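One structure is given here, and the rest of the page talks about it.
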Amino acid sequence: MKEPDLKKNFLTTMRGVASTVCVVSAKDQGERHAMTATSVTSLSMEPPSMLICINKEASIHKLISKDSSFCINILSNNQRELAEVCSDREEGESRFKSEAWKDSEDFIFNEESLSNIFCSCIDVIEHTSHTIFIGKVLRSMNNENLKPLIYASGNYLD
């Protein structure tokens, strides 16, 4: 298969994979960023670890490095607007207008999310256009009465 056809077919294939929508958030010396991400997954239980993949051109990329902190906010099905704001081209403080954003030690997190996973970055793997960040889970919070926001085939699912 030719390269352009492979990329097109692969993109179509991946659009069919349903994913829980997450917003990865990080802060450093007063600068804070948040971005919508679907390339987030659990990695191990010993120690509890998560894996996130971030495009090197994303503004949040410069805030995450080995020994830094980040939070994975697993969005609830009533947070579609937050997912859209955090995937929009407009960056910076426009993503933090909601009063649901809270500061806690080295983290910024959205308390209205289904879950929040607070991680310390323990490893970084460079791969072409993206960086894979491995985070050791320090703690997590859950709103068990909420349902997850799911994305597949270019749409949010109800």
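Counting in my numbering, the sequence shown runs from 961 upward without gaps. C-beta: ideal position from N, C-alpha, C; glycine also. Note that the coordinates shown come from a computational prediction; the quantities given were computed from them, not determined experimentally.
Using a Cβ-Cβ cutoff of less than 6 angstroms, which residues in the same chain neighbour C1013 once the five nearest sequence positions on both sides are dropped? Working through the sequence shown from its first residue, we reach residue 1013 at position 53. Hits under 6 angstroms: S999, H1090, I1092.
Is it buried or exposed for Q989, if we count other Cβ within 10 angstroms and need 16 for buried? Here residue 989 corresponds to residue number 29 of the sequence shown, with the count starting at 1. Exposed, since its Cβ has fewer than 16 Cβ neighbours within 10 Å.
Within 8 angstroms: the Cβ of L1074 and any heavy atom of the ligand ADP? Absence of the ligand ADP from the depicted structure is noted, as is the absence of any ligand whatsoever, leaving it without description.
I need the straight-line Cα distance from E1051 to D965, nearest angstrom please. The residue you call residue 1051 lines up with position 91 of the sequence shown. The residue you call residue 965 lines up with position 5 of the sequence shown. Roughly 32 angstroms separates the two Cα atoms.
Considering only C-alpha positions, which residue in the set H1087, L1109, E1104, C1081 is nearest to V1097? By 1-based counting over the sequence shown, the position of residue 1097 is 137. The shortest Cα separation from V1097 among H1087, L1109, E1104, C1081 belongs to C1081.
Environment of R1049 [buried if 16+ CB atoms lie within 10 Å]: Against the sequence shown, residue 1049 aligns to sequence position 89. Exposed, because fewer than 16 other Cβ atoms sit within 10 Å of the Cβ of R1049.
Let me know the beta strand (DSSP E) ranges lying completely inside the region 1062-1086, each 3 residues or longer, listed in chain order. 1067-1070
With 16 other CB atoms within 10 Å as the buried threshold, where does E1006 fall? Translated into positions along the sequence shown, residue 1006 becomes position 46. Counting Cβ neighbours within 10 Å, E1006 comes out exposed, since fewer than 16 surround it.
Output yes or no for whether 9 angstroms exceeds the beta carbon distance between E1072 and N1038. Within the sequence shown, residue 1072 is the residue found at index 112, counting from 1. Within the sequence shown, residue 1038 is the residue found at index 78, counting from 1. Yes; because the gap between Cβ atoms is below 9 angstroms, this pair is in contact.
Using the rule of at least 16 other Cβ atoms within 10 Å of the residue's Cβ for burial, across every protein chain shown, is A997 buried or exposed? The count along the sequence shown starts at 1 and reaches residue 997 at position 37. Flag for A997 reads buried.
Residues sharing a beta bridge with P1008, DSSP: Position 48 of the sequence shown holds residue 1008. According to DSSP, which records beta bridges pairwise, P1008 is partnered with M1005.
Kindly give me the distance between the Cβ atoms of S1019 and M1010, rounded to whole angstroms, as I take these residues to be in contact under 8 angstroms. Walking along the sequence shown from the start, residue 1019 turns up at place 59. Walking along the sequence shown from the start, residue 1010 turns up at place 50. The Cβ separation is near 20 angstroms, so there is no contact.
In its own chain, which residues sit with a C-beta less than 6 angstroms from the C-beta of C1046, not counting the 5 before and 5 after it? Sequence index remark: in the sequence shown, residue 1046 carries index 86 (1-based). Closer than 6 angstroms at Cβ, skipping near neighbours: V983, A994, M995, T996, R1055.
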